[in-house]
Amino acid sequence: MTANGTAGRTRSPALPGAAAAPGAWRAVFGAIFASTWCGNQFSPLLLMYEQHQHYSTALVNMFLGVYVLGLAPTLLLAGALSDRYGRRPLMCAGIVASLAAGGALAFGPLGPAPVFAGRLLSGVTVGVSMAVGNSWLKELSQPPHDPAADAGTGARRASLAFTLGSGCGALVAGALAQWGPWPEVLPFLVQIAVAAPFTLLVARVPETGRGGLPGPLRAQLRVPAAGHRRFVRVVAVAAPWLFASAALAYGYLPVLLRGATGHWGLAYATALTGVTLGVAALVQPWAKRLDSPDSAHGLVVSLVLTAAGLGLFTLAQWQRSPLLGVATAAVLGCGIGVGLVSGLMEVQRIAGPRDLAGLTGVFYALAYAGFLTPTVLASVTPPLRTTWLMLALCALAALSAATVRRRTGDHLPAHAHRPDRMLSRAAEPQESPAE
């Protein structure tokens, strides 16, 4: 079943004069890839800024966290703006923001101000990519643009573009910083070269999203589906753990283990990024099988894996073991991959046809709130000990898994019920997306 309630395959929004464009989804997939490359290339470089610029651990974690200040409002605004003015102009603006971000970060040797500016702009470009690019990719991954696609193809392609872009950006930047010349400049020049062609490629993709709600723009900014009880009580509980896991696995853990990794610290941080996001990409075909329209089984599995990964994290930093750190990254990567696919599928089932971009933005805003976790932990360590803080996080993740498990079949959208359950539920009151 699809987000607007029709069975099987559905047509993307029809615009006057629009024609089917087979394969157009590839340009949007590439734009999401390039945008998330921009957003995640910085993660393995935290140790570089500590070592080369002698910045404190708290400051480099602020570099990681300021990204969310650009990302969160963009996620909440870009989807609604694209519903009114179209996907193409917003996505082009996001690509331009990624070029500006890379340019600012390349001036990082001059001081922390360009780094803060570049990270803020990186958040903007990823915010546009997640809210607008994912919706556009979903609309181009169904008839008439892609007749062979099934109802879940758009969500799978979007999550794959995210994980591949994030992984490649971090791997290339980390490798160049460890072994290449100009370690504080070259990674960002490469990122600019990757993103630049998409300013032209995206401009040729057919428009699918212009229209939206009539009246003032503030009406467009409302996302009624964000108040749906299933979104609030199930999806919103799981979402922050997705990128809390990522930030901890390849942002915070390498900093904690720098004494054990020595001068290979950058390479180790890069390896943890590759393992986390590589595993997240590999498990996504399996994650599709876990997803069910009448349960939150995939999100429960994601949270259980997250709790297990945080337990390994606690042991790895306590034992100062790089090997346990790799195992931690693999388990948390499994949780991220399963949670991304399952979360996006839930969003597409809950959202109405006019709410898809907006609700996708809200989902990612909640998910990226977890990216602030290392900043919060670093700010309270000391006086609190990292081991006790990680045990508390592990317990919270387990509690979240139990909460979602208890509510797994609650408040299902009317169109998400399986056909064999429709008769048994026919007499029950159904929720609208706005509930």
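In terms of full-length UniProt numbering, the sequence shown is residues 1 to 435. Beta carbons are placed, not taken as given, at the ideal position from N, Cα and C, and that holds for glycine.
*Enclosing alpha helix (DSSP H) for D83 [first to last residue]*: Here residue 83 is taken as the residue at index 83 of the sequence shown, counted from 1. Start and end: T57 to Y85.
*Straight-line Cα distance separating L171 from S321*: For the purposes of this step, residue 321 is taken as the residue at position 321 of the sequence shown. For the purposes of this step, residue 171 is taken as the residue at position 171 of the sequence shown. The alpha-carbon atoms of S321 and L171 are separated by roughly 21 Å.
*Identify the continuous alpha helix (DSSP H) that holds Y49 and give its terminal residues.*
In the sequence shown, residue 49 corresponds to position 49, counting from 1. First-last of the alpha helix (DSSP H) with Y49: L46 to H52.
*asked:* Going by the DSSP bridge assignment, what does S292 pair with across the sheet?
replied: For the purposes of this step, residue 292 is taken as the residue at position 292 of the sequence shown. Answer by DSSP bridge pairing, in chain order: S295.
_N- and C-terminal bounds of the alpha helix (DSSP H) containing Y268_ = Along the sequence shown, read from residue 1 onward, the residue named residue 268 stands at position 268. Run containing Y268: G265 to L282, per the alpha helix (DSSP H) assignment.
*Give the DSSP-derived three-state secondary structure of G335 in the structure shown.*
As a position in the sequence shown, residue 335 is number 335, starting the count at 1. DSSP places G335 in the helix class (H, G or I) of the three-state scheme.
*Apart from the five residues just before and just after N40, which ones in its own chain have a Cβ nearer than 6 Å to its Cβ?*
For the purposes of this step, residue 40 is taken as the residue at position 40 of the sequence shown. The answer, listed in chain order, is S166, G169 and A170.
*Once you ignore the five residues that flank A281 on each side, which residues in its own chain have a CB closer than 8 Å to its CB?*
Counted from its first residue, the sequence shown places residue 281 at position 281. Here the set comprises L160, T163, L164, G167 and G337.
*Taking DSSP as the reference, what is the three-state secondary structure of P374?*
In the sequence shown, the residue the question calls residue 374 occupies position 374. If DSSP states are grouped into helix, strand and coil, P374 belongs with the helices.
*With a 10 Å radius around its C-beta and 16 neighbouring C-beta atoms as the bar for buried, classify H54 as buried or exposed.*
Start at 1 with the first residue of the sequence shown, and residue 54 comes out as number 54. That one is exposed.
*Note down the Cα distance separating P13 from A357, rounded to an integer number of angstroms.*
As a working note, residue 13 is residue 13 in the sequence shown. As a working note, residue 357 is residue 357 in the sequence shown. Unreliable positioning characterises P13 in this predicted model, as indicated by a pLDDT of 47, which lies under 50. The coordinate reading is nonetheless provided below. Going by the C-alpha atoms only, they are around 13 Å apart.
*Excluding the 5 residues preceding and the 5 following A177 in the sequence, name in chain order all residues of the same chain whose CB lies nearer than 7 Å to its CB.*
Taking the first residue of the sequence shown as position 1, residue 177 is located at position 177. Cβ neighbours of A177 beyond the five flanking positions: L45, M48, P183, P187 and L266.
*Along the alpha helix (DSSP H) that carries F198, what are the first and last residues, could you check?*
For the purposes of this step, residue 198 is taken as residue 198 along the sequence shown, with counting starting at 1. Run containing F198: F198 to L201, per the alpha helix (DSSP H) assignment.
*Count the C-beta pairs between the region 22 to 36 and the region 133 to 153 that are closer than 8 Å, then say yes if the count reaches three, no if not.*
Three or more pairs of CB atoms, one per stretch, sit closer than 8 Å, so the region 22 to 36 contacts the region 133 to 153.
_According to DSSP, simplified to helix, strand and coil, what is L257?_
Locating residue 257 in the sequence shown gives position 257, counting from the first residue. Correct three-state label for L257: coil.
*What distance in whole Å lies between the Cβ atoms of L303 and A401, which are believed to be in contact at a cut-off of 8 Å?*
Residue 401 sits at position 401 when you count from the first residue of the sequence shown. Residue 303 sits at position 303 when you count from the first residue of the sequence shown. Rounded, the Cβ-Cβ distance is 4 Å, consistent with contact.
*Can you give me the Cβ contacts of S342 inside the same chain, cut-off strictly under 7 Å, excluding the 5 residues immediately before and after it?*
The residue given as residue 342 occupies position 342 in the sequence shown. Contacts found: A287, L290, D291, G298, L299 and S302.
*Output yes or no for whether 8 Å exceeds the beta carbon distance between V124 and L90.*
If you number the sequence shown from 1, residue 124 lands on position 124. If you number the sequence shown from 1, residue 90 lands on position 90. Cβ atoms of V124 and L90: not closer than 8 Å.
*Keeping to the same chain, check which residues put their C-beta closer than 6 Å to that of S98; ignore five residues upstream and five downstream.*
Along the sequence shown, one-based indexing puts residue 98 at 98. These residues qualify, in order along the chain: S35, C38, T125 and A195.
*Just tell me which of S295, L253, P382 and A296 has its CA closest to the CA of Q319.*
The sequence position of residue 319 within the sequence shown is 319, counting from 1. Here the closest residue by C-alpha is L253.
*Residue ranges of each alpha helix (DSSP H) run of no fewer than 4 residues wholly in the region 100 to 184, ordered along the chain?*
112 to 128, 134 to 140 and 153 to 179
_Does G209 come out as helix, strand or coil in the three-state DSSP assignment?_
The residue labelled residue 209 in the question sits at position 209 within the sequence shown. Of the three classes helix, strand and coil, the one that applies to G209 here is coil, per DSSP.
*If you check the beta carbons only, do G209 and S129 fall under 8 Å apart?*
By 1-based counting over the sequence shown, the position of residue 209 is 209. By 1-based counting over the sequence shown, the position of residue 129 is 129. Against a cut-off of 8 Å, the Cβ pair of S129 and G209 comes out as no contact.
*Identify which residue in E50, R349, C334 and A149 has its Cα closest to the Cα of G251.*
Translated into the one-based positions of the sequence shown, residue 251 becomes position 251. Ranking E50, R349, C334 and A149 by Cα distance to G251 puts E50 first.
*Own chain residues within Cβ distance below 7 Å of M62, not counting five before or after*: Locating residue 62 in the sequence shown gives position 62, where the first residue counts as 1. Only T375 meet the Cβ criterion.
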